[in-house]
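For reference, the structure is listed below as structure tokens.
In this note's numbering, the protein residues as written are 1 to 138.
The structure is reproduced here in structure tokens:
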């Protein structure tokens, strides 16, 4: 039985990741799910969150802002809006974005502006969560 499968992650402007992996944990639209080699085929929307890549005992944490994943028994292909390794996330910058979004949500009377601020808040919270998970596993 195969223990590894090919993971390919593509962002709008470049290929981000293309390696053999043993497992991934993905923030799907219906909740977090794991993928191993020989997984049943599926297609899912990705929501903002932590994307974990395991290569044997080594685990790497990434932030994915959204996109799609297609899984086959021997591969997984991700089309990501944004895919960034946790080590590159600036905690101070994300905390400022989170606070600013909360402030705008509280003060704005415009529904469109509130919705945009909620999206910024969700992104900042997901990035901070990814960073926290990566630090906890180190």
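Beta carbons are placed, not taken as given, at the ideal position from N, Cα and C, and that holds for glycine.
*Beta bridge counterpart(s) of residue 55 as assigned by DSSP*: 58
*Quick one: give me the first and last residue of the beta strand (DSSP E) that residue 75 is part of.*
75-80
*Mark residue 24 as exposed unless 16 or more other C-beta atoms lie within 10 angstroms of its C-beta, in which case mark it buried.*
buried
*Let me know the secondary structure DSSP gives residue 40 once reduced to three states.*
coil
_Segment limits, alpha helix (DSSP H) that includes residue 119_ = 111-137
*Please confirm whether residue 101 and residue 120 have their CB atoms less than 8 Å apart.*
It is a contact, given that the beta carbons lie within the stated cut-off.
*For the putative contact between residue 91 and residue 131, defined by C-beta atoms under 8 Å, what is the C-beta separation to the nearest angstrom?*
6 Å
*In the DSSP assignment, what residue or residues form a beta bridge with residue 139?*
Outside the displayed span of the chain (1 to 138) sits residue 139, for which this structure offers no information.
_When you compare the stretch 106-117 with the stretch 12-30, are there three or more beta-carbon pairs, one atom per stretch, that lie closer than 8 Å?_
no
*Tell me which same chain residues have a C-beta within less than 7 Å of the C-beta of residue 9, skipping the five on either side of it?*
16, 17, 78, 80 and 83
*Please report the Cβ distance between residue 86 and residue 5, rounded to the nearest whole angstrom; I am assuming they are in contact, meaning their Cβ atoms lie under 8 Å.*
No, residue 86 and residue 5 are not in contact; Cβ-Cβ is about 22 Å, not under 8 Å.
*With a 10 Å radius around its C-beta and 16 neighbouring C-beta atoms as the bar for buried, classify residue 136 as buried or exposed.*
exposed
*Going by CA-CA distance only, name the one from 69, 31 and 62 that's closest to residue 54.*
Closest option to residue 54, Cα to Cα, is 62.
*Roughly how many whole angstroms lie between the Cα atoms of residue 127 and residue 97?*
A direct Cα-Cα distance of roughly 11 Å separates residue 127 from residue 97.
*Just the Cα atoms here: how many angstroms apart are residue 142 and residue 22?*
Outside the displayed span of the chain (1 to 138) sits residue 142, for which this structure offers no information.
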